[in-house]
Amino acid sequence: LITNDLGRFCFLTDAQFQAFIAGKLDKDLALYGRLAKDGFIRDRMDFDSQVSGWRNRNRFLWQGPSLHVVVATLRCNHHCLYCQSNSVSMKDRGCDMSLKTARKVVDRIFESTSPSLTIEFQGGEPLVNWPVVEYIVNYSRRKNRRVKKHLWINLVSNLTLLNDKRLDFLLKNEVNFCTSLDGPEDLHNKNRVFTGGNSHADTLRWFKRIYRKTVRNMFRIEALLTVTRFSLPRHKEIVDQYVGLGMRGIYLRSLSPLGMARGVWDQIGYTAEEFLEFYRKSVDYILTLNKDKVFFEQTARIFLTKILTDNDPNFLDIRSPCGAGIGQIAYNFDGGVYACDEGRMFSRMGDESFRIGSVAQGTYRDSVGHPVIRAISIASCLDNQVDCSRCVYKPYCGVCPVHCYAEQGDIMGRMPTSTRCRIQKGILDYLFEKLDDEKTEKVFRTWLKEA
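As structure tokens, then:
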């Protein structure tokens, strides 16, 4: 497999590869023409076309932060084993965002130079602080009627605190929903402890109701899976749960070494190799299901969009440089501004390394021009990473300096010992193995057509 910085790839035999690197490939071969067209032959480069393609793939670099994560509260009615946010009890009202701070947060968000804005409520459980959620939705919609940006509002919630009135308000304002669903009832409830009831049952009840109301809309409900050690032997049951709910696909998300997960890693964690075995089995099973309907795996779809098209889906965790500060900003309940939501999570562990200001003082420009943002951008540029700069997967991959900091104590990660690197390389190994088969490639291309 050979790739280049333009995202093109080609499979060569050993003999073809040796001829290619020696500069002795027969110019009359169709292979030579393809390699020349795709920018692999030095003296046959169409620089205008290649530069245009590269600029399109990296257009996010000129737009400014589009994702704005707002922590309405740190309180939560769940005690999930892997909670990254280190949520607090329902009694701790000192961790709620005030209406005054909420207004300043929205004003700061609209200072972004990006033509598209996504306001995403995180927590804790955002619905615990309903007055602030309601206020931000109303104020941002009202403010956007003047500036006319492309505004999306997302609610990340366990859904258990919804009621009819709240749901009607959210649907009227075209809010996207995202909830956690970790698989069958016993597995979900083991991961996501809810002392107030049955988390799985309550989540599914509201999920199905919202799904029926939004199935044909641009705004809709999605679900996220977090894979723990308990998930590893149950890939088929987990996938079947998502298929049975009518979902378009599933996101097989590995654990992050943040928050509560760090303290119980021995119980819920796994090695990169164990996760990759689960991932391969899951996607192999998903591919068999695609004989009857289109159903995708989200990580694969993100990588495949980069591999098979000239577009980059701008998924902030898998790009170079990463999205911290230049693609997303996080706002804590107290108005603290952070380079990204993962960086904000470190504040709960007493580490303010990724804080870039406050909405109560300073300006938007102070935050996005903060030395922390500059350092993260440098650390996540793959040309600056010794191993990444010469890796065959460089055109499609990305480094998360916050993850490196959590695992290795340094934002300049050491890729040979990085769990995240081994997982992403393993997934890309798997995808390119499958892309060497024309039938599987056709299935993969149907995934990219799903809006």
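The sequence shown begins at 285 in our numbering and counts up by one. We put the beta carbon where it would ideally sit given N, CA and C, even for glycine. Just so we're clear, the structure is a prediction, and the values are computed from it rather than from any experiment.
Distance, Cα to Cα, residue i vs residue j?
{"i": "Gly-553", "j": "Leu-445", "result": "29 Å"}
{"i": "Cys-360", "j": "Glu-409", "result": "5 Å"}
{"i": "Asp-568", "j": "Tyr-419", "result": "45 Å"}
{"i": "Ser-483", "j": "Ser-661", "result": "39 Å"}
{"i": "Pro-349", "j": "Asn-598", "result": "11 Å"}
{"i": "Leu-351", "j": "Arg-430", "result": "20 Å"}
{"i": "Val-578", "j": "Gly-653", "result": "43 Å"}
{"i": "Ile-657", "j": "Lys-308", "result": "45 Å"}
{"i": "Val-686", "j": "Arg-426", "result": "35 Å"}
{"i": "Ala-556", "j": "His-519", "result": "16 Å"}
{"i": "Gln-525", "j": "Leu-539", "result": "20 Å"}
{"i": "Cys-294", "j": "Phe-304", "result": "12 Å"}
{"i": "Lys-492", "j": "Ala-485", "result": "11 Å"}
{"i": "Phe-641", "j": "Ala-663", "result": "Position check: residue 641 holds Gly in this sequence, whereas Phe was assumed. C-alpha separation (whole angstroms): 20 Å."}
{"i": "Leu-719", "j": "Val-335", "result": "26 Å"}
{"i": "Gly-481", "j": "Thr-487", "result": "11 Å"}
{"i": "Gly-646", "j": "Val-621", "result": "10 Å"}
{"i": "Arg-649", "j": "Asn-370", "result": "29 Å"}
{"i": "Arg-500", "j": "Ala-356", "result": "29 Å"}
{"i": "Arg-489", "j": "Asn-668", "result": "48 Å"}
{"i": "Gln-692", "j": "Lys-474", "result": "29 Å"}
{"i": "Gln-302", "j": "Asp-576", "result": "42 Å"}
{"i": "Thr-724", "j": "Leu-571", "result": "8 Å"}
Give the C-beta separation of residue i and residue j to the nearest angstrom, bearing in mind that I take them to be a contact with Cβ-Cβ under 8 Å.
{"i": "Ile-437", "j": "Val-421", "result": "6 Å"}
{"i": "Leu-732", "j": "Thr-593", "result": "7 Å"}
{"i": "Leu-365", "j": "Met-544", "result": "7 Å"}
{"i": "Asp-322", "j": "Arg-341", "result": "Not confirmed; about 14 Å, so no contact."}
Sort the options by Cα distance to residue i and report the nearest one.
{"i": "Gln-582", "options": "Thr-572, Leu-309, Ser-566 and Asp-594", "result": "Ser-566"}
{"i": "Gln-708", "options": "Val-676, Thr-724 and Ile-657", "result": "Val-676"}
{"i": "Asp-618", "options": "Cys-294, Lys-388, Thr-287 and Gln-334", "result": "Lys-388"}
{"i": "Asp-452", "options": "Thr-730, Asn-428 and Ile-494", "result": "Ile-494"}
{"i": "Pro-399", "options": "Thr-287, Phe-405 and Asn-428", "result": "Asn-428"}
{"i": "Val-670", "options": "Arg-658, Ala-659 and Val-683", "result": "Val-683"}
{"i": "Lys-432", "options": "Phe-301, Glu-395 and Leu-454", "result": "Glu-395"}
{"i": "Ile-695", "options": "Glu-722, Val-355 and Leu-666", "result": "Leu-666"}
{"i": "Asp-391", "options": "Leu-536, Tyr-615, Ile-286 and Phe-478", "result": "Tyr-615"}
{"i": "Thr-297", "options": "Thr-572, Leu-285, Asn-574 and Ala-306", "result": "Leu-285"}
{"i": "Cys-367", "options": "Gly-547, Arg-339, Asp-330 and Ala-356", "result": "Gly-547"}
{"i": "Val-372", "options": "Asp-550, Val-412, Ala-386 and Val-511", "result": "Val-412"}
{"i": "Thr-510", "options": "Arg-496, Phe-559 and Lys-497", "result": "Phe-559"}
I want to see whether chain B comes within less than 9 Å of residue i, judged by CB atoms only; does it?
{"i": "Glu-409", "result": "Checking the listed chains, one finds no chain B in this structure; it contains a single protein chain."}
Using 10 angstroms around the beta-carbon of residue i, count the other beta-carbons present and answer buried if the total reaches 16, otherwise exposed.
{"i": "Arg-628", "result": "buried"}
{"i": "Leu-313", "result": "exposed"}
{"i": "Thr-703", "result": "buried"}
{"i": "Gly-530", "result": "exposed"}
{"i": "Met-502", "result": "exposed"}
{"i": "Phe-331", "result": "exposed"}
{"i": "Asp-601", "result": "buried"}
{"i": "His-362", "result": "buried"}
{"i": "Ser-651", "result": "buried"}
Indicate whether the contact test is met: 3 or more Cβ pairs, each with one atom in the stretch 703-716 and one in the stretch 587-596, closer than 8 Å.
yes
Cβ contact check for the stretch 344-352 and the stretch 595-613: 3 or more pairs under 8 Å:
yes
The stretch 305-322 touching the stretch 369-383, judged by at least three CB pairs closer than 8 Å
no
Pairs of beta-carbons, one from the stretch 456-466 and one from the stretch 501-518, closer than 8 Å: are there three or more?
yes
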